[in-house]
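Residues 108 to 783 in the numbering used here are what the sequence shown spells out, letter by letter. For each residue, glycine too, the CB sits at the ideal point set by N, CA and C. As the structure is a prediction and not an experimental result, all values here were calculated from the model. First the structure, in the form of structure tokens, and then the observations on it.
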Amino acid sequence: MRPLWQIPRNSLFWLLLSVVISIALHLEHLPPWVALAGIVATLWQIQLYRERWRQPGRLLKWSLAGACAGGLFLHYGRMNGLEPMVALLFSGYSLKLLELHHKRDALVLIYLSYLIIILQSLFSTTIVSSFLVLIALLPVTAALVAMHGGAENTRPVAALRTGLAMLLQAIPLMLVMFIVMPRIGSLWAIPQKTSGTTGVSDSMSPGDMTRLGRSGKIAFRVEFDGPIPAQSQLYWRGLVFSGFDGRRWDQQGPWGYNDGKFLQWSDQGLEAWDSVIKRRGEPLSYRVTLEATNSPWLFALSTPLPQSSTVALSRDFRLVSKNPVNAKLQYSVKSWLNNQLEPESLVGWRHKLELALPSGFNPKTREIAEQWREQTPDTLALINRLLALYNQEFIYTLRPPALGKHTVDEFLWGTKKGFCEFYASSFVFFMRAAGVPARVVVGYQGGERHPTENYLLVHQYDAHAWAEVWIQGSGWLRVDPTAAVAPERIEMSFADLFSEQADFLSASPFALERLRHIQWLNNLRLKLDSLDYAWAKWVLGYENVQNDFLLSLLGAINPQRIALFLLLAGGIALLPIFIMLYLSRDKNTRDELDRLFLQYCSRLEKMGLPRRPGEGARDFAQRISRCAPGLAEAVEHLTGIYESARYGEEGGTEVKAFKTALKGFKPSREELLSST
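Take a look at the structure:
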């Protein structure tokens, strides 16, 4: 007979399959060696089951644990973040396979499998990802069923069928919770990456935008009320950088996203700011569905006017969310592409801020800029002269060379190869050195038009940096030096321009965009995206309706009112169960009989005659009669009543009889001694 602690074969099969599926789900954001460690641990466990390999020793397991911890630290630099934490959990999950001995070890792995599969939802909430998560839960549930199932679940297919039935039964409850439960912020937050390929960062240095140019992830989608504007007009402003330390640009200045003096919310009115904005023509109306960025910065076309109550307009004419965007966010905007920003004048400290340069950097550029300014006093002519320089010998590339201390000098007068941030940074530095207020703007440029739906897909590789120059009487003028080097970057999509280069989408090896030249695969990609967009709009739209309902029901939403609402809803849901239990309390005589029988066994155990595990009532009575003949008559009498109550037709009457007989059953030491 198989020992109780042994793991059932079909449960082990489904468990190992669950591990492989979990690895596949997280393959995109796990270090390759962590995924490889999980595969090796799975193969090791298979060989252990086949008795081909031996269990790893304690020294080897500790060495592997130390190697994983060291590897994660070297890969991420620190463990503060979502991806490092998931990778750490995954490493422990894989190593646990190497000490899979008992049922309790298998149960730990099953519960971890549930957790790791659900963690995929933190990285992606697309309809395809949600479907894959539901599918991945099936083998884990089958493993759990096989672990506890009876004879009917001894075959893998039977366990899978039972697991599928359980998941299908849980779907209605899941839907009810989705409809009823409000979206409440978590009690804690896990920091996420703010750079790399996750989105535009709150600072910019050479190479930052280049890394984004290798990612095929969706940044946001835009749906216009009318026709989509021309590609060259689609400059999605995100952040404005006025501070420069010689290498890195950032948002230096008094306005922060929590500073009420420099933010105006749409429900507060924006009249006070109209004096510095001159809008012309009809506005563009559109809705942006932004992917999670874990930052408050939003993206919109020039001179945006937010239409959502949780979106503010900053003093430098960009949009800011009330809270960091930790999940998909949809907001409505109106933009005037024909506009003038602050055409009259700049406040003194603003003028000084937009001219500031650090000392000790790029001396050659400073000198040449001063010379050109003397030779070309007209600002527009100076701008055109610098753009003509870019147009001569410069190269727009995804693989720019590294730069040293004097980044602008080395780029302008040395390498002459770079991505958009190289051109924007050098242009703004040159303008400031020539005495012209200028700043860097980062965001996205262009987008991919969906061929059958009226919306625009903006990818991470569309990330872009350009410049804004202030001219008296004209205000802030957008200047894109990249257009002077590679005008096709502005006129056509980034994907069409770089699709033949090896570095394109190198950070997204599994992106379907890599196969966009295959017509049917490209059509499939776009169809899946339209389904995902429809899913996102439905979910976000429902959340808005639900929030309005809760607001009308509870008034101002706060944690206390939400807790009271949940307690009330939970009490109403549990009320039928309590009623059923109350009505059936007198019908369940078997529970009373079990309690009385355990009292009977307890009295005998105190006399040194315990009942053995798995021993039936009749076998127990016969053993007592042999060991203690003095108790035989009473024990046989009680056992007969118990069996009649348990198996007879008059169960309720016999239970009372057993209870009465048990009151008189008080064995003593003398009876036990006299029988030996």
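The segment 232–246 and the segment 148–155 do not touch, with fewer than three beta-carbon pairs separated by less than 8 Å. Under the three-state reduction of DSSP output, A572 falls in the strand class.
The Cβ atoms of G345 and G550 sit closer than 8 Å to each other.
Assignment of R387 by DSSP, reduced to helix, strand and coil, places it in the strand class. F765 is bridged by DSSP to nothing; it lacks a bridge partner.
Scanning G145, A253 and I114 for the CA closest to the CA of V127 turns up G145. Residue state for S349 is assigned as coil, using DSSP reduced to three classes. Look at A434 here: in three-state DSSP terms it is coil, with no helix or strand label. Taking 8 Å as the cut-off, the beta carbon of R718 is found closer than this to the beta carbon of F727.
Rounded to the nearest angstrom, the gap between the Cα atoms of R386 and Y221 is 54 Å. Here T248 has G270, M273 and L274 as same chain residues with Cβ atoms under 7 Å from its own Cβ, once five neighbours each way along the sequence are excluded.
Three or more beta-carbon pairs separated by less than 8 Å link the segment 429–449 to the segment 407–414, which places the two stretches in contact. In the three-state reduction of the DSSP assignment, W443 falls in the coil class, being assigned neither a helical nor a strand state. DSSP places P139 in the helix class (H, G or I) of the three-state scheme.
About 19 Å separates the CB atoms of D315 and P465; that is not less than 8 Å, and the two are not in contact. Here H566 is buried: its Cβ has 16 or more other Cβ atoms, across all protein chains shown, within 10 Å. In its own chain, leaving out the 5 sequence neighbours on each side, no residue places its CB closer than 8 Å to the CB of Q276.
The C-beta distance from V347 to V395 rounds to 18 Å, too long to meet the 8 Å contact threshold. For T483, the secondary structure class from DSSP, reduced to helix, strand or coil, is coil. Burial is judged here by how many other beta carbons sit within 10 angstroms of a residue's own beta carbon; N187 has fewer than 16 and is exposed. Short of 8 Å from the beta carbon of G511, and not among the five residues preceding or following it, lie these beta carbons of its own chain, in chain order: E517. For R710, the three-state secondary structure derived from DSSP is helix.
Taking G582 as reference, the option from Q552, E449 and R457 with the minimal CA-CA separation is E449. Residue pairing by DSSP places K524 opposite I502 in a beta bridge.
When C-beta atoms of the segment 332–344 are compared with those of the segment 413–421, fewer than three pairs fall below 8 Å, so the two segments do not count as touching.
Closest in C-alpha terms to G723, from the list Y749, Q552 and L633, comes Y749. Between E461 and R355, the gap from beta carbon to beta carbon reaches 8 Å or more. Bridge partners of V547 according to DSSP: F348 and A574. Sixteen is the threshold: when 16 or more other Cβ atoms of the shown chains lie within 10 Å of the Cβ of Q227, as they do, the residue is buried. Contact between the segment 529–542 and the segment 488–504 is present: 3 or more CB-CB pairs across the two stretches fall below 8 Å. Straight through space, the alpha carbons of A741 and L711 are spaced by roughly 12 Å. Checking the DSSP bridge columns, you'll see H566 partnered with I325. Boundaries of the beta strand (DSSP E) harbouring A419: V418 to S421, taken from the DSSP string. Here the C-alpha atom of F197 lies approximately 10 Å from the C-alpha atom of E190. Here the C-alpha atom of W343 lies approximately 6 Å from the C-alpha atom of F406.
Cβ atoms of P544 and W573 stay farther apart than 8 Å, at about 16 Å.
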